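Note that the sequence shown covers residues 252 to 423 in the numbering used here.
Glycine included, every Cβ here is placed at the ideal spot set by N, Cα and C.
In this text the structure is predicted, and so the values were computed from the model without any measurement.
See structure below.
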Amino acid sequence: MRSVELFSGAGGLALGIEAAQFRHDTVIERDKHCCDTIRENQKRGFGALEGWRLFPGDVRQFDYSTIEGDIDLLAGGPPCQPFSIGGKHHAYNDKRDMFQQVVRGVRELRPRAILVENVKGLTRKTFANYFSYIILQLSHPEIGMKNGEDWTKHRDRLERYHTKGSWSGLEY
């Protein structure tokens with residue numbers, strides 16, 4: 252089974268996914284030190300990393316059309332600072348919030364499954380509306396945000412679509 256990982260860090264989650272019999276087509280990470288760690292482990296012949304195509308850059312700049320064929324799993328751990336107890340709690344208004352990039356990956360790759368990890372703080376009452384927005388976006392990745400629409404209006408539109416009774420699963 253083939254996978255792609257966003258926000259791979261030094262590859263910890265990716266190694267676990269490899270152990271579950273997935274084969275990473277691409278891992279995407281912008282932190283130089285994390286990329287250096289992956290490259291060094293590849294250079295030393297650490298077998299699990301063999302064949303990983305590393306994109307050392309910002310996920311917002313990644314071109315998913317470079318991935319050929321079907322992807323079974325899209326995985327990743329977007330930055331947690333917008334939601335962590337120790338953070339500033341800006342959620343969608345935090346420039347480090349990358350959940351939109353997870354949704355873009357789902358929209359463009361159309362994987363059979365997704366795996367996203369983040370901090371428990373994301374499920375706090377403070378972020379309940381935004382958390383429901385994330386879930387709705389992942390449930391309906393084909394329904395993008397319209398020009399001039401903020402996240403609350405987009406969430407409301409997704410919620411109406413989701414609850415109107417005709418939804419029968421992902422439309423891809």
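Cα separation between residue i and residue j?
| i | j | result |
| --- | --- | --- |
| P362 | K397 | 23 Å |
| F306 | R281 | 8 Å |
| L387 | A364 | 15 Å |
| A271 | A265 | 10 Å |
| A255 | G399 | Here residue 255 is Val; the residue named in the question, Ala, does not match the sequence. So the alpha carbons of these two residues sit roughly 31 Å apart. |
| T403 | W303 | 38 Å |
| L360 | G260 | 21 Å |
| R355 | G298 | 30 Å |
| R311 | V357 | 13 Å |
| Q293 | E301 | 6 Å |
| Y384 | G320 | 29 Å |
Could you give the residue range of the beta strand (DSSP E) that holds residue i?
| i | result |
| --- | --- |
| V354 | Unbroken run through V354 is the alpha helix (DSSP H), F350 to L360; no beta strand (DSSP E). |
| R295 | Unbroken run through R295: none, as it is neither H nor E. |
| L409 | No beta strand (DSSP E) holds L409; the alpha helix (DSSP H) holding it covers W402 to T414. |
Along the chain, where does the alpha helix (DSSP H) containing residue i start, and where does it finish?
| i | result |
| --- | --- |
| G267 | G263 to A270 |
| A379 | A379 to S390 |
Which partner residues of residue i appear in the DSSP bridge assignment?
| i | result |
| --- | --- |
| E280 | P307 |
Please confirm whether residue i has its beta-carbon closer than 9 Å to some beta-carbon of chain B.
| i | result |
| --- | --- |
| F258 | You won't find chain B in this structure, because it holds only one protein chain. |
Our contact map puts residue i next to residue j with C-beta atoms below 8 Å; I'd like the distance itself, whole angstroms only.
| i | j | result |
| --- | --- | --- |
| G328 | E393 | The Cβ separation is near 24 Å, so there is no contact. |
| I268 | A326 | 6 Å |
| C331 | V370 | 4 Å |
| L389 | L324 | Rounded, the Cβ-Cβ distance is 14 Å, inconsistent with contact. |
| R253 | D276 | 5 Å |
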